[in-house]
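See structure below.
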Amino acid sequence: MARDTWAYREVAVESVIDPRSGALRIRPMAGQAFAPSLPVQCSRRLCDPAVYPAGTKFLLSAKLTDRLGGPQFLYAYHGDPVVVLTNAAAKKFLAAFRRGRI
12 MARDTWAYRE VAVESVIDPR SGALRIRPMA GQAFAPSLPV QCSRRLCDPA VYPAGTKFLL
72 SAKLTDRLGG PQFLYAYHGD PVVVLTNAAA KKFLAAFRRG RI
């Protein structure tokens, strides 16, 4: 089954250390349509501290979904290319998102 590309949108996310487990987690950055507490399911290599340290920002193509009526989460296809954002690029992306809101 092909992916529905219309359901996906660009989302700026960042890697943070989970205080309970100490592992890296991916979460949406504040200032977008998605809460930073919303879980993100994406490629495991984004959570590898040897490749990307804590605080690294990414631009993902993700969609809001749930699994059989469970809690909602953002899903990003693991085969998409990894786009790392600099602090300036992340700030510019979030500023453009805020201007585009109604």
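Using my numbering, read the sequence shown as starting at 12 and increasing by one per residue.
Quick reminder that beta carbons are idealized off the backbone N, C-alpha and C, glycines included.
Given the structure is predicted, the values throughout are model-derived calculations rather than measurements.
Go to residue i, then tell me how far its beta strand (DSSP E) extends in each direction, as first and last residue.
{"i": "residue 84", "result": "83-87"}
Please state if the CB of residue j and the CB of residue i are separated by a distance shorter than 7 Å.
{"i": "residue 70", "j": "residue 96", "result": "yes"}
{"i": "residue 32", "j": "residue 67", "result": "no"}
{"i": "residue 47", "j": "residue 39", "result": "yes"}
Considering only DSSP beta bridges, list what residue i is partnered with.
{"i": "residue 69", "result": "24, 95"}
{"i": "residue 30", "result": "Answer by DSSP bridge pairing: none, since residue 30 is not bridged."}
{"i": "residue 64", "result": "Looking at the DSSP assignment, residue 64 forms no beta bridge with any residue, so it has no partner."}
{"i": "residue 36", "result": "27"}
{"i": "residue 43", "result": "According to DSSP, residue 43 bridges with nothing at all."}
{"i": "residue 75", "result": "85"}
Return helix, strand or coil for residue i, following the three-state DSSP convention.
{"i": "residue 105", "result": "helix"}
{"i": "residue 57", "result": "helix"}
Just to check my reading of the structure: residue i and residue j have Cβ atoms closer than 8 Å, yes? What is that Cβ distance to the nearest angstrom?
{"i": "residue 76", "j": "residue 88", "result": "Contact doesn't hold; Cβ gap of about 12 Å is too wide."}
{"i": "residue 18", "j": "residue 43", "result": "Wrong, their Cβ atoms sit about 16 Å apart, outside the cutoff."}
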